[in-house]
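Visitor: Residue numbers (UniProt numbering): 1 to 689. The beta-carbon is built from N, C-alpha and C at its ideal position, and this holds for glycine as well.
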């Protein structure tokens, strides 16, 4: 909580967010991501809000739009705008839709934020307007600004003017990413130089580094890509013949010189960077992604018409999986492939609607705004909030990215999601077990081991996993622990302990279920909860209805309480009275044990509590003699407290404290029925509450 508060205070100090007072028609949840250095990244889930945001009608430029302007340029510089979106201030009338909720209250953004659907187009239009006086020698794409000129003197003059303009508008640059006055540089996936412009070699690098297929299945996968994107290459049938022989059933797989020559020739043909097309804003765009046990692959394609008859390859990409990523279940790997592919080709996809193709059917549902996937996938999906896409399923036999994920050369992989290392700390603290003990419990649970295997393989036919199968799209791993969303799936040997913890203080079914659902899950958890309440000896001896209790904060209010309710409960059989104090706003509760309930003693107890927690504005109370005497009246006047006495013989007017008294009385009756120390049980109940 402290780290979240520090991050929010930092954003407040930077004038990026502001607190929200009162209600708001749009409130989005906050998602926190823990970085490797222990710092936090705060993300707002804007998926539902984005459905109501009207996109900018500003067409994003492509490299083809810029090409004619580079023909005679010889000197170049590239500037990178720092935290681009945060440098645009939101109109006060538009800020409400960015409102998000935290334990510190509601906040909203004062600056344009990542995650708003129209942010790329909006920022693009604004930056183009700012740089319009220099449009002859300047182009921009989102946060990249390219300066070009025929002579060195002209370049320097334009660069100086552009820097002056950006400074006048208060736009900051990321100096470490800027490139000044060079004869050649990369821009939007192309190499620009005095000799002309050519596609960057990185677009086909992964394809040219294909290793030779080792099985007939890998040969078929490679030929599927060749046929799909190279169907009009000359003599294709002749070149592929040696490889097609290996795909026939019953033929022994033998890789010889003839097959290797055919393989190398095909790589050169379909991987010729000069054969790649320029990206066209007017054409239908598709990203095809795939995941294998060792790597990810992606292809960016465009089509001239509504059919897939003439694909135009734009770029290829692949990525080896890290040791950690190889342990992901298949659904997580396939989801990772989609998110990685979109971010890899983001320069072509921002501000446009495109198709996102996968051969993993569950992803069609998982990538919808209403889905509830496991925490890892949910964080990945949030990274795509600024993109507009439709996920489409195509069977594995037609996935042209398959060879890019299977034939990739072994290389030192980069961690895609280095910030996602997290643990379900609330569960560990509540269950009073350490990570090692919890992992041992999970690894020795036969049912969970079967579920883990089903999750890794995608095969859910095992009878032991039947109860988990309906939730398979929400399951994932945190290390060796199995989770559903952000809740730990408790192993069988831990479930009884979790039920005991949830039933501390003898709450009813509703409160027990709420406590458990915040932390853990297992099939039939609600049924087990109901059984625990029915079989609890204390609850059975005191046959009071298990009414839901009001939600309580797990901490003291951040500010002094405003309105209180107080009442006495008793006398108990031992002669002791309970002074019950409840805060209307937070439902925080204090209980004082008193043997004498004179007005003087009551004022002293209240003053002792207020000296710690602050003075309230009002106190609601009944007409007991301790509350209507001069002592309390004089004390409240001196402290600026307004007393609100309830109507005589109508206790419902002070209903909040009356309900709390019933809850306290139930716990005292249970303690008495079980022959326990009621004072100790009362302290445990208050701690639990």
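#1: State the DSSP-derived secondary structure class of residue 228, mapped to helix, strand or coil.
#2: Would you grab the beta carbon distance between residue 211 and residue 409 for me? Rounded to a whole angstrom, and I think it's under 8 Å.
#3: Locate the beta strand (DSSP E) running through residue 582, then write down its first and last residues.
#4: Is it buried or exposed for residue 393, if we count other Cβ within 10 angstroms and need 16 for buried?
#5: Can you tell me where the beta strand (DSSP E) with residue 312 in it begins and where it stops?
#6: Strictly by DSSP, which residues pair up with residue 489?
#7: Identify whether residue 611 lies in helix, strand or coil by the three-state DSSP scheme.
#8: With DSSP collapsed to three states, give me the class of residue 599.
#9: Which value, in whole angstroms, describes the spacing of the CA atoms of residue 396 and residue 458?
#10: Quick check: what's the CA-CA separation for residue 8 versus residue 103?
#11: Considering just the uninterrupted stretch of the alpha helix (DSSP H) at residue 285, what are its terminal residues?
#12: Could you pull the DSSP bridge partners for residue 43 from this structure?
#13: Just to confirm, is the Cβ distance from residue 204 to residue 316 under 8 Å?
#14: Got a sec, what are the start and stop residues for the alpha helix (DSSP H) residue 155 sits in?
#15: With DSSP collapsed to three states, give me the class of residue 340.
#16: Helix or strand or just coil, what does DSSP make of residue 297?
#17: Short of 7 Å in beta carbon distance, which residues of its chain neighbour residue 681, apart from the five on each side in sequence? Order them along the chain.
#18: Helix, strand or coil for residue 6? Go by DSSP, reduced to three states.
#19: Where residue 425 and residue 328 are concerned, what is the direct C-alpha to C-alpha distance, given to the nearest angstrom?
#20: Touching or not, the region 235-243 and the region 251-264, by the rule of three or more beta carbon pairs under 8 Å?
#21: For the candidate residues 133, 95, 635, whose alpha-carbon lies nearest to that of residue 603?
#22: By the 10 Å Cβ neighbour count, where 16 or more other Cβ atoms means buried, how is residue 348 classified, buried or exposed?
#23: For residue 551, count the other beta carbons within 10 Å of its own beta carbon; 16 or more makes it buried, fewer makes it exposed. Which is it?
#24: Between residue 660 and the rest of its own chain, which residues show a CB-CB distance below 7 Å, the 5 nearest in sequence each way excluded?
#25: Alpha carbon to alpha carbon, how far is residue 16 from residue 22?
#26: Cα separation between residue 372 and residue 500?
#27: For residue 642, name the three-state secondary structure that DSSP assigns.
#28: Should residue 437 be labelled buried (16 or more other beta-carbon atoms within 10 Å of its own) or exposed?
#29: Using 10 angstroms around the beta-carbon of residue 593, count the other beta-carbons present and answer buried if the total reaches 16, otherwise exposed.
#30: Considering only DSSP beta bridges, list what residue 436 is partnered with.
#31: Output the distance between the C-alpha atoms of residue 456 and residue 355, rounded to the nearest integer angstrom.
#32: Taking only three categories from DSSP, how would you classify residue 96?
#33: So, are the CB atoms of residue 48 and residue 28 less than 8 Å apart?
#34: Do residue 352 and residue 285 count as a contact pair if the criterion is CB distance below 8 Å?
#35: Taking just the CA atoms, how far does residue 598 sit from residue 664?
#36: Pull up the distance between the alpha-carbon of residue 18 and that of residue 109, whole angstroms please.
Guide: A quick look at the data gives this:
#1: helix
#2: 5 Å
#3: 577-583
#4: exposed
#5: 311-320
#6: 521
#7: helix
#8: helix
#9: 14 Å
#10: 11 Å
#11: Looking at the DSSP string, residue 285 is not in any alpha helix (DSSP H); the run it does join, the beta strand (DSSP E), is 284-291.
#12: 31
#13: yes
#14: 152-168
#15: helix
#16: strand
#17: 667, 671
#18: helix
#19: With a pLDDT of 49 at residue 425, under the threshold of 50, the modelled position of that residue is not reliable, and the figure given next carries that caveat. Approximately 21 Å, taken between the alpha carbons.
#20: yes
#21: 635
#22: buried
#23: For residue 551, the predicted model reports a pLDDT of 41, less than 50, meaning its position is unreliable and no value from the coordinates is stated.
#24: 580, 582, 589
#25: 20 Å
#26: 28 Å
#27: strand
#28: exposed
#29: exposed
#30: Answer is none; residue 436 lacks a bridge partner.
#31: 27 Å
#32: helix
#33: yes
#34: yes
#35: 22 Å
#36: 6 Å
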